[in-house]
Amino acid sequence: MKRSLVQLYLSLFALSFSCSSIADTTLASSTSKINPNALYGAWPSNNGSAQNLDVATSDKLLNVNNVANLTLKFTTFMPDPLGMGQNAVQSTPVVADGIIYVAEAGGTIKAYSEADGHQIFSTVIYDANDSSGQPEFIDESPVLTKQYLFIAGKQMHKLDRFTGLEVATPQLYDPSGVSLINGDVQPSQLIVAGNKVIYGVSFGDETHGNGANFDLAHGRIIAFNQSDLSIAWSLDTTNVNGVQYGPGASTFAGGGVDEKRHLLFMPTGNNYAPPISPLSNSLLAIDYNSGKVVWSYQYSANDLWGNGGNNVDYDGIHDADVHGHPQVFSLQLIPGVALSTIDLVGCRGKDGTYRIFTRDQIPGAKVLPIAQVQLDPMTQVDGAIQVDPAIANDTLYVVSESWVGIPGDPVYPTGPHYSLDYGVIKYGQFGFLLGHLGEAIATVRAIDLRKLVIYGINQLLLGKQKPTCVGSAPFVPDVNPSGDNICQGTLPSNIVKWTTVIPGLVPLNSSGVAYDNGVLFIPGGIAGKMYMLNTNNGSIIASMASNPIAPIPAVGGIAIDNGKVIVPFGVYFGSLKNAIPYGGIS
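Letter by letter, the sequence shown follows residues 3 to 588 of this note's numbering.
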């Protein structure tokens with residue numbers, strides 16, 4: 003017999019109340035003793051905090067009445083003398099103590115004064131194991147603690163964040179001497195959790211093959227002790243309970259942190275070859291002290307994708323990585339009633355879904371989302387949610403993308419599968435995309451989280467375990483040959499507060515939206531044009547270029563601090579043909 007809604011509420015309250023009755027947006031005051039080295043306020047990590055809410059908690063100056071009056075304070079716009087875009091900033095800048103830190107793609111970490119833009123330091127970082135002497139390639143953000151800056155390429159690097167001097171670089175080997183990384187290594191975004199700094203190791207599914215290192219391309223999540231960067235633990239996502247699965251299950255995004263439960267939430271991608279790991283395409287809840295998986299949920303199974311000739315579409319889903327940075331937040335189901343607070347985590351998937359889970363799960367029980375939606379089903383864009391959402395005022399602000407392309411357009415040179423992610427950039431499609439931005443649509447929605455979760459609970463009680471459909475998009479078979487929806491039903495209209503459609507906007511998947519005092523900032527993407535929306539009604543307040551000199555794509559996300567909006571721009575992928583030879587921040 004199904005339990006009543008009230009009974010389910012009570013069980014959820016019992017789970018949550020023992021651990022929390024305070025929303026995680028108050029972590030600055032409630033967890034400083036848990037993590038004494040952590041920074042709170044300003045914008046110390048890529049999504050503003052270790053909870054990835056993309057909220058400017060320290061800014062009191064910008065609002066809906068004055069944000070249209072933003073003027074350029076300074077820009078670091080510079081052409082690369084080699085014409086290869088090595089000074090492109092493909093990640094989100096981070097900010098603390100009036101200092102802006104940026105990671106340039108060509109391996110240079112720079113610090114600028116937030117007040118006037120003067121450069122404080124410039125440090126080039128190298129992979130100690132690379133005999134060619136080339137700097138690291140960097141497309142992830144630094145993360146800051148009170149004294150240090152951590153940044154990852156193929157190696158982890160620890161710098162003094164006031165001088166730029168490199169303090170330590172670890173060797174990535176396990177105790178037996180076996181390398182923890184092999185092949186085409188790409189790090190995920192770093193995250194600080196407790197006394198550790200953690201990142202995932204991934205392998206590019208566009209570039210890997212069946213070479214000598216193919217079978218060693220294991221997705222890994224590695225935790226380093228902050229003090230000396232010694233390895234605390236390493237989790238192999240292709241080896242579960244002693245069973246070795248095929249290569250892949252990489253981690254393409256950083257984690258979200260629950261400091262009270264010592265949990266780290268990490269997403270994983272698909273396998274490249276069989277057998278398929280049960281930890282692929284999943285959201286993992288990991289005890290960050292021990293590295294043990296506490297619970298996991300697989301968004302889509304039977305997914306193989308890669309250039310090794312192993313592309314398989316078993317169930318209408320392929321290349322369906324879970325590639326968002328998880329949002330860690332709390333919600334009062336009954337406003338003003340502390341006992342109704344539940345602690346949640348949500349994460350976007352490349353299948354176009356956003357799924358929400360209770361952070362406490364019953365050991366051994368089946369894990370199910372408490373609420374889940376699929377945005378713009380049957381979209382031409384494989385993975386309609388390419389940028390991280392923001393959560394503020396019990397509202398999910400999320401951007402989904404559609405590409406109403408012309409049938410027959412050669413968008414993706416290797417076949418009909420098309421994704422507005424790094425594949426487009428790597429294959430040098432900017433010329434085509436800039437000429438066809440009129441066919442692109444970004445849909446911005448404000449979703450009432452309280453109503454969504456209550457609706458999701460009711461769906462579970464009715465035995466429905468699929469995402470609910472939200473919106474729609476035109477379907478072009480030559481671009482999305484499967485055309486499968488994984489959702490069922492239609493979300494009640496009163497759950498979506500407002501919807502705003504922006505033609506020609508194509509934000510990319512290194513970025514996230516940002517919320518500040520009633521304003522939603524949306525990164526510029528391919529066209530390099532940032533939008534600002536009024537979160538009361540979704541109206542567009544203003545838009546502006548990511549830099550004042552040239553229309554340059556903005557791949558990274560926006561940081562906000564002390565009345566200033568810091569916007570990165572530029573693209574670099576190591577090829578003169580595919581690079582935009584300019585970069586910097588404004």
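Where is the CB? At the ideal position from N, CA and C, for every residue including glycine.
Since the structure is predicted, the reported quantities are computational estimates derived from the model, not experimental observations.
- Leaving aside the five residues that flank Val-375 on each side, the residues in its chain whose CB is nearer than 7 Å to its CB run, in chain order, Thr-355, Tyr-356, Pro-469, Thr-470, Val-472, Leu-493.
- A residue is called buried when at least 16 other Cβ atoms come within 10 angstroms of its Cβ; Asp-118 does not meet this threshold and is exposed.
- With a contact defined as Cβ atoms closer than 8 Å, Ser-124 and Lys-112 qualify at about 5 Å.
- If you draw a straight line from the Cα of Ala-44 to the Cα of Ile-528, it comes to about 27 Å.
- The C-beta of Pro-379 has 16 or more other C-beta atoms within 10 Å across all chains shown, which makes the residue buried.
- An exposed status is given to Ser-292, since fewer than 16 other beta-carbon atoms sit within 10 Å of its beta-carbon.
- Assignment of Ile-551 by DSSP, reduced to helix, strand and coil, places it in the coil class.
- With respect to the C-alpha of Ile-224, the residue from Thr-165, Pro-391, Val-203 having the closest C-alpha is Val-203.
- The alpha-carbon separation between Ile-372 and Lys-531 amounts to approximately 36 Å.
- Of the residues Pro-328, Pro-280, Thr-397, Asn-48, the one whose Cα lies closest to the Cα of Gly-540 is Thr-397.
- In the DSSP annotation of this structure, Gly-559 is not part of any alpha helix (DSSP H), being labelled neither H nor E.
- Distance check between Ala-255 and each of Gly-221, Gly-244, His-325, Asn-197 places His-325 closest, using alpha-carbon atoms only.
- Closest in alpha carbon position to Ile-393, among Leu-462, Asn-304, Val-515, is Val-515.
- Nearest to Asp-260 by C-alpha distance, out of Val-194, Ser-115, Pro-172, is Val-194.
- Taking C-alpha positions only, Gln-467 is separated from Asp-323 by approximately 20 Å.
- Counting C-beta atoms within 10 angstroms of its own C-beta, Thr-73 has fewer than 16 neighbours from the protein chains shown and is therefore classed as exposed.
- Where Ile-344 is concerned, the enclosing beta strand (DSSP E) starts and stops at 343–350.
- When secondary structure is reduced to three states using DSSP, Lys-62 falls in the coil class, being assigned neither helix nor strand.
- In this structure, the beta-carbon distance from Gly-585 to Val-91 falls below 8 Å.
- Remark: C-beta atoms of Leu-281 and Phe-267 do not approach each other more closely than 8 Å.
- Take Gln-246, set aside five residues on each side of it, and the residues of its chain with a beta-carbon closer than 7 Å to its own are Thr-240, in chain order.
- Listed in chain order, the non-local C-beta contacts of Asn-272 below 7 Å within the same chain comprise Gly-250, Ser-282, Asn-283, Asp-305, Leu-306, Trp-307, Asp-321, Ala-322, Asp-323, local neighbours out to five positions each way being set aside.
- Around the Cβ of Thr-165, a 10 Å sphere holds fewer than 16 other Cβ atoms; the residue is exposed.
- Around Asp-238, the same chain offers His-220, Arg-222 as residues with beta carbons nearer than 6 Å, after the five sequence neighbours per side are excluded.
- If the five residues before and after Asn-536 are omitted, its C-beta is found closer than 6 Å to the C-beta atoms of Val-66, Ile-543, all from its own chain and listed in chain order.
- The C-alpha of Ser-513 is placed about 28 Å away from the C-alpha of Ile-344.
- When the Cα atoms are used, Ala-58 and Asp-390 turn out to be separated by approximately 15 Å.
- It is roughly 37 Å from the alpha-carbon of Pro-365 to the alpha-carbon of Val-96.
- For Gln-300, the enclosing beta strand (DSSP E) has its first and last residue at 295–300.
- Runs of the beta strand (DSSP E) lying entirely within the region 74–148, each at least 3 residues long, are 96–98, 101–105, 110–115, 121–126 in chain order.
- Linking Pro-505 to Ala-444 through their CA atoms gives a straight-line distance of about 6 Å.
- In its chain, beyond the 5 residues on either side, Leu-377, Asp-378, Ala-386, Ile-387, Thr-445 have a beta carbon closer than 6 Å to the beta carbon of Ser-402.
- For Pro-328, DSSP assigns no beta-bridge partner whatsoever.
- Scanning its chain for C-beta atoms nearer than 8 Å, with the 5 sequence neighbours on each side dropped, one finds around Ile-587 the residues Thr-77, Thr-78, Val-91, Pro-95, Ile-102, Val-104, Tyr-114, Ile-568, Val-569, Pro-570, Phe-571, in chain order.
- Bounds of the beta strand (DSSP E) holding Tyr-517 are 516–518.
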